[in-house]
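Everything below concerns the one structure shown next.
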Amino acid sequence: MRTAKWLGTAGVVALALTLQASEQPQRIISLVPAVTEIVFALGIGDRVVGVGSFDTFPPEVEKLPRVGALLDPDLERILSLRPDLVAVYGSQTDLRKQLDRAGVPIFVYSHAELADVTVTIRALGDRVGASDRAAALIGDIERRITAVRQRTEGQPRPRTLIVFGRESGTLRGIYASGGYGFVHDMVTAAGGDNVFADVKQESVQATTELILARRPEVILELRAEPLDPGMEKKERAVWNTLASVPAVRNGRVHIITDRRTVIPGPRVGEGVEVLERALHRQ
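Residues in the sequence shown are numbered from 1142 upward in steps of one, following the working numbering.
Laid out in structure tokens, this is it:
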């Protein structure tokens, strides 16, 4: 308070701005692919000193040290990089406690719905001093999704099975999107109706019997990693055992290997456009 009186009003404002700038993190580590993408999209990728094991975008991350991921964070490696902000998953309670004891600030990431993506972008932008850039990113996402909704308005909404996991080469161990979460929201925005919309959870273990009963008109199989053309053809052919399912009978099984559809980061607007093309292509 004595310092504030001595500096005067203008001096206090200048001091506050200086402190705010100095508190902006300059050595950021992200264990979360979505957060890593956001940080680079905010234009401060040069502050990133470490990333998670599964980060692949943007290409600049390939040159950065890896510090583990959700299940295997490397605390020693993290601390050796002297971070002043570490983005962690909300479920990483042990790591959060260890970083807290070490005096390392954290950004806790959790997501559920598509709307949470823009909430995360705004919160992170505020935290790193890039609020204006965050607002611009959010505006772009919202414009893209609004445009998709407008283009698909009045068009038939195909009943859609959204698969994000199964055993390779078989229809065993199928996990599909339930009626909650950002993937469900993206498909809805793209003009599809999730066949498991009534199951209010993020994932459903879908047996072939259950799929036959739900009779999807489109099957979207979302994968983070690319497949070579031959393997993609084989994996798509696996669905031919369900020939009575409309999506299979009509050749509307799509394997989409595009991380924009499975990473809830700054490219989700583009991801909705990818899904729109799959759902409404002729």
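All residues carry an ideal CB built from backbone N, CA and C; glycine is no exception.
Go ahead and label residue i buried or exposed: buried means 16 or more other beta carbons lie within 10 angstroms of its beta carbon, across all protein chains shown.
i, result
"Val-1260", "exposed"
"Glu-1178", "buried"
"Gly-1406", "buried"
"Ala-1419", "buried"
"Met-1372", "exposed"
"Ala-1354", "exposed"
"Pro-1200", "exposed"
"Ala-1306", "The sequence given here places Gly at residue 1306; Ala does not occur at that position. Under this definition Gly-1306 is an exposed residue."
"Asp-1369", "exposed"
"Asn-1335", "buried"
"Arg-1284", "exposed"
"Ser-1171", "buried"
"Glu-1414", "buried"
Just tell me which of the options has its CA closest to the CA of residue i.
i, options, result
"Arg-1393", "Leu-1226, Gly-1333, Ala-1365 and Val-1227", "Gly-1333"
"Ile-1303", "Pro-1297, Ala-1317 and Thr-1293", "Ala-1317"
"Arg-1268", "Ile-1169, Ile-1279, Arg-1300 and Glu-1308", "Ile-1169"
"Gly-1209", "Glu-1201, Arg-1218, Glu-1203 and Ala-1384", "Arg-1218"
"Ala-1253", "Phe-1181, Gly-1322 and Tyr-1230", "Gly-1322"
"Ala-1388", "Val-1359, Pro-1297 and Thr-1234", "Val-1359"
"Arg-1300", "Asn-1381, Glu-1350, Asp-1339 and Ile-1282", "Asp-1339"
"Phe-1181", "Phe-1248, Ala-1378, Glu-1417 and Ala-1275", "Ala-1275"
"Arg-1408", "Thr-1234, Asp-1273, Ile-1279 and Val-1173", "Ile-1279"
"Gly-1314", "Ala-1347, Thr-1329 and Pro-1297", "Ala-1347"
"Val-1227", "Phe-1337, Pro-1357 and Gln-1165", "Gln-1165"
Going by the DSSP bridge assignment, what does residue i pair with across the sheet?
i, result
"Phe-1195", "Note: Phe-1195 sits in no beta bridge, so no partner."
"Asp-1215", "According to DSSP, which records beta bridges pairwise, Asp-1215 is partnered with nothing at all."
"Ala-1335", "Here residue 1335 is Asn; the residue named in the question, Ala, does not match the sequence. According to DSSP, Asn-1335 bridges with Thr-1301."
"Leu-1226", "Ile-1169"
Which first and last residues belong to the alpha helix (DSSP H) in which residue i is found?
i, result
"Val-1409", "1409–1421"
"Gln-1346", "Where Gln-1346 is concerned, there is no enclosing alpha helix (DSSP H), although the beta strand (DSSP E) it sits in stretches over 1344–1346."
"Ile-1185", "No alpha helix (DSSP H) contains Ile-1185, which DSSP labels as neither H nor E."
"Pro-1330", "The question names Pro, but residue 1330 is Ala in the sequence shown. Run containing Ala-1330: 1323–1330, per the alpha helix (DSSP H) assignment."
"Ala-1264", "1256–1269"
Between residue i and residue j, which are expected to be in contact by the criterion C-beta below 8 angstroms, what is the C-beta distance as a whole number of angstroms?
i, j, result
"Thr-1402", "Met-1327", "7 angstroms"
"Gln-1167", "Asp-1225", "6 angstroms"
"Val-1189", "Tyr-1230", "So it is not a contact: roughly 17 angstroms between Cβ atoms."
"Leu-1265", "Val-1176", "7 angstroms"
"His-1421", "Thr-1287", "Rounded, the Cβ-Cβ distance is 16 angstroms, inconsistent with contact."
"Ala-1331", "Leu-1416", "4 angstroms"
"Gly-1184", "Ala-1271", "6 angstroms"
For residue i, report the span of its beta strand (DSSP E) as first-last.
i, result
"Val-1245", "Note, Val-1245: premise wrong, no beta strand (DSSP E); not H, not E."
"Thr-1398", "1394–1398"
"Glu-1366", "Here Glu-1366 belongs to no beta strand (DSSP E), and DSSP marks it neither H nor E."
"Ser-1385", "From DSSP, Ser-1385 is part of no beta strand (DSSP E); its letter is neither H nor E."
"Ala-1288", "Note, Ala-1288: premise wrong, no beta strand (DSSP E); alpha helix (DSSP H) at 1272–1293."
For chain D, check one thing: does any of its Cβ atoms lie closer than 8 angstroms to the Cβ of residue i?
i, result
"Phe-1198", "Chain labels in this structure do not include chain D; a single protein chain is all it has."
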